Each structure stands twice: as structure tokens, then as C-alpha cells.
Ligand code: SF4
């Protein structure tokens, strides 16, 4: 049996399902939150919610790095293109709506926007055209921030600067756990982010909030096992931090990547789309690297921005307060072909994942 099939074994899934059912018996509603687009994909694609008892709910938190970029930062990128700058960005941020339009719309109107697969592609393009001003729109969580940091340290060409939009996941989890109306009972922590940051940043959840927290991988049995581990902690009346994804995540994480991030970035409060400002949740370039900071280089000062179009419920979907199907625009005015909200754009967005599963 290959590694993949081992983690999709129906017999093991059935055994886990009945263990979960036993642990959940006679309990009030148990609400578990994950914060990762790939977890949402696994849960939706494999129909894991249907395997869980009625009183065990798994909700999707802000785990899509593109969905949470505030409109003002898209507006900034568009503003740069109006000043003759070439924007390079990942494909999934290309279609994310700003206050009035997306980078794709701006490109259709003549703006120079290039989709790249990595920050190194942006460096290569900038070197090829030294007479042009290039900006890399750096979006993503702790998973992608180290690659941006590495390029900054490698002395990029003078015609390239960075519009940093990287965010940190643990501060967003802290916001969720403090939202009384969500009433969470446990966290499934994201596997990809944890390969970089390790487990330490999650220690506050069991210790300060008494919140069982389990780092999980992305196969169906990983997620089911994480749910089982959380329920076991709840049954024992103990909150612990545990690692289900030991085949990829070490307790200390990727120390080299952490060092690189800390050399290049400071951490400040940052706005998340529809959620407002979250304390200590955003990377910015350290003063030492300010010559690469597009904000300073081009004197960018866009504040506010329109995060939500009329009728859009992305701010509630992002925190798992409602399901995508509870948004009045879902699969009516808002579809993967014509997204109204950011959650319908990226393959990691909850609405996009639900839309895809309905059509497959
Ligand atoms: S269906 Fe569209 S508008 Fe509604 S919450 Fe999802 S992305 Fe936002």
C-alpha cells in the first residue's frame, strides 16, 4: 500500500469514526476550528463532515492567505501600476477584488501585471529589464514569507522592491479563540505553516485558553485523527498541544527559515480583510532593508479600502461563523468564474472549495 493510500484507508477511517462517535456521546456541541485552506479542501473533498457525529462541528477559520489580504493592499498594488510600475504576483492574488477592481481588471485596462510562480521569477524578470521598475507583491503566511526574506537578503536588483503583505497565523487564532460568539472547543493547527514555525507559537492555546490544539497533516486520516485527539483531550478534561503530523513537522519547526524571517522582518499589527486589525499579525521589512520597501520608495499611503462588496459575507465565512451556502450571493451573483468576494477566488478559499465540490 502506498503512503497516500495508507492515509486514506476506509477501514481505518471507519474505526476512527466510531471512536470519535464514542468520545462525542452525551456531549454538548463541540466546535473545532481549522485555519488552513488545504484542510478545508480535504474535509470537503472527502466528505469528512458527514462522517462526524451531529454534535461535532469542524469550521474553517482564516486559512486562505489570499482571502485575508485587505482591499487597501490590492488598491496599493493597482496604484503602483498607474505610476508605471510592473507588478509581479502569484496567480491567486491576481483576481482578488480591491475596493473597486482587481489586478486582473487593471491589467485588462493596460496595467503591467505579471503572474510569477516564485519570488525568484520576479527577481529574474527585474534583472532582465533594468530600465523598468518592478514590485513583487508578497502575499502569504509564514510558509511563503521565508522565500521573500531570502531574496531580500540576496541583494535583489535596484529596480525591484517589495510590497509586503505577509501575515502570521497564530495571532489570527488568538483573535478567534477570544471571539466569545464562536465558542470554540479546539484547534486543528495548519500543517504547512507548522513546518516553518513549529509548535511553540501555539503553546498559549492550551496553556492560557485551555484549548486543545493539534497540528495535523492533509490526508483524510490525518484530519480525522486530529479530531479524535482533540475529543480525547476534551474527554480527559485536559488541554494539550499535540503533533499529529510528525512525518513533516518538528517541534522546533524549520529553525533556519525562522532565522531568515527574523533577520528581514519586523512584526506589527496588520489589517485582515473583513476582520480589522489583528495585533502582531503582519510582517514588514526591517529598517535596514527599507530601500526595498515599495511603501517607502513610492510613498504609498492608501488607507481604508472597501473589503466587502454589497451582500458579500466573506468576513463571516473567513471566521467560520457561517457556511458559504449561507451567503445570499453563493453560486448566484458570486461564482468561481465571476467572484464577488475574495473567498471565491483562490483554490484555498472556503467558498471556492465548496463551489468546486458542488460541481464535481
Ligand atoms: S459567496 Fe462570494 S460573496 Fe459570498 S461570502 Fe463567498 S466569496 Fe464572499
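Numbering (our numbering), first residue to last: -16 to 343.
Note that the Cβ used here is the ideal one computed from N, Cα and C, for glycine as well.
These numbers were taken from a predicted model, which means no experiment stands behind them.
Cβ distance (whole Å) where residue i is taken to contact residue j below 8 Å
i	j	result
residue 312	residue 295	6 Å
residue 36	residue -4	In fact, because the Cβ distance is near 14 Å, the residues do not count as touching under 8 Å.
residue 120	residue 146	5 Å
residue 165	residue 264	Not really, about 17 Å apart at Cβ, beyond 8 Å.
residue 325	residue 49	7 Å
residue 154	residue 185	Not really, about 12 Å apart at Cβ, beyond 8 Å.
residue 277	residue 41	Contact flag wrong, Cβ pair sits at about 38 Å.
residue 126	residue 175	5 Å
residue 224	residue 188	7 Å
residue 249	residue 262	The Cβ separation is near 14 Å, so there is no contact.
residue 340	residue 27	5 Å
Member of the options whose CA lies at the smallest distance from the CA of residue i
i	options	result
residue 59	42, 43, 50, 80	80
residue 51	20, 37, 28, 25	20
residue 161	143, 192, 180, 137	192
residue 178	335, 238, 209	238
residue 14	270, 105, 169	169
residue 390	10, 324, 173, 49	For the chain, the structure presents residues -16 to 343; residue 390 sits outside this window and is missing.
residue 284	2, 55, 29	55
residue 24	93, 203, 309	203
residue 259	281, 287, 305, 40	287
residue 104	114, 143, 68	143
residue 330	30, 73, -1, 83	73
residue 17	-6, 156, 308, 322	156
residue 122	71, 62, 200, -10	71
residue 220	235, 194, 201	194
residue 134	75, 9, 209, 272	272
residue 148	244, 217, 266	266
residue 269	39, 246, 110	246
residue 45	255, 339, 318, 292	255
residue 98	257, 112, 262, 69	69
residue 141	78, 163, 113	113
residue -11	201, 138, 281	201
residue 344	308, 309, 304	As shown, the chain starts at -16 and ends at 343. That puts residue 344 outside it, with no answer to give.
residue 90	77, 102, 101	77
residue 61	82, 75, -6	82
residue 171	138, 183, 139, 208	208
residue 257	299, 75, 29	299
residue 190	293, 222, 274	222
residue 307	32, -9, 33, 43	43
residue 217	1, 29, 242, 10	10
Buried versus exposed call for residue i [16 or more other C-beta atoms within 10 Å across all chains shown]
i	result
residue 196	buried
residue 128	buried
residue 226	buried
residue 7	buried
residue 211	buried
residue 131	buried
residue 350	In the structure as shown, the chain starts at -16 and stops at 343, and residue 350 therefore has no counterpart that could be examined.
residue 206	buried
residue 327	buried
residue 335	buried
residue 337	buried
residue 93	exposed
residue 333	buried
residue 53	buried
residue 344	Shown here, the chain extends from -16 to 343; a query on residue 344 therefore has no answer.
residue 136	exposed
residue 85	buried
residue 290	buried
residue -16	Model confidence at residue -16 stands at a pLDDT of 47, short of 50, so the residue's coordinates are unreliable; what they give is reported in the following sentence. Residue -16 is exposed by the Cβ-count criterion.
residue 323	buried
residue 301	buried
residue 22	buried
residue 297	buried
residue 244	buried
residue 75	buried
residue 139	buried
residue 213	buried
residue 116	buried
Bridge partner(s) assigned by DSSP for residue i
i	result
residue 149	123
residue 43	17
residue 170	16, 196
residue 72	98
residue 55	Answer by DSSP bridge pairing: none, since residue 55 is not bridged.
residue 226	198
residue 247	Paired residue(s): none; residue 247 is not in a bridge.
residue -5	Per DSSP, none; premise fails for residue -5.
residue 118	70, 144
Any non-hydrogen atom of ligand 3 within 6 Å of residue i CB
i	result
residue 87	Absence of ligand 3 from the depicted structure is noted, with ligand 1 being the only ligands included.
Beta carbon proximity, residue i to chain C, threshold 7 Å
i	result
residue 114	Included in the structure is just one protein chain, with no chain C present.
Taking only runs of the alpha helix (DSSP H) that begin and end inside the region 249 to 318, which ones reach a length of at least 4 residues, in chain order?
With a minimum length of 4 residues, the continuous alpha helix (DSSP H) runs that stay inside the region 249 to 318 are 277 to 280, 297 to 300.
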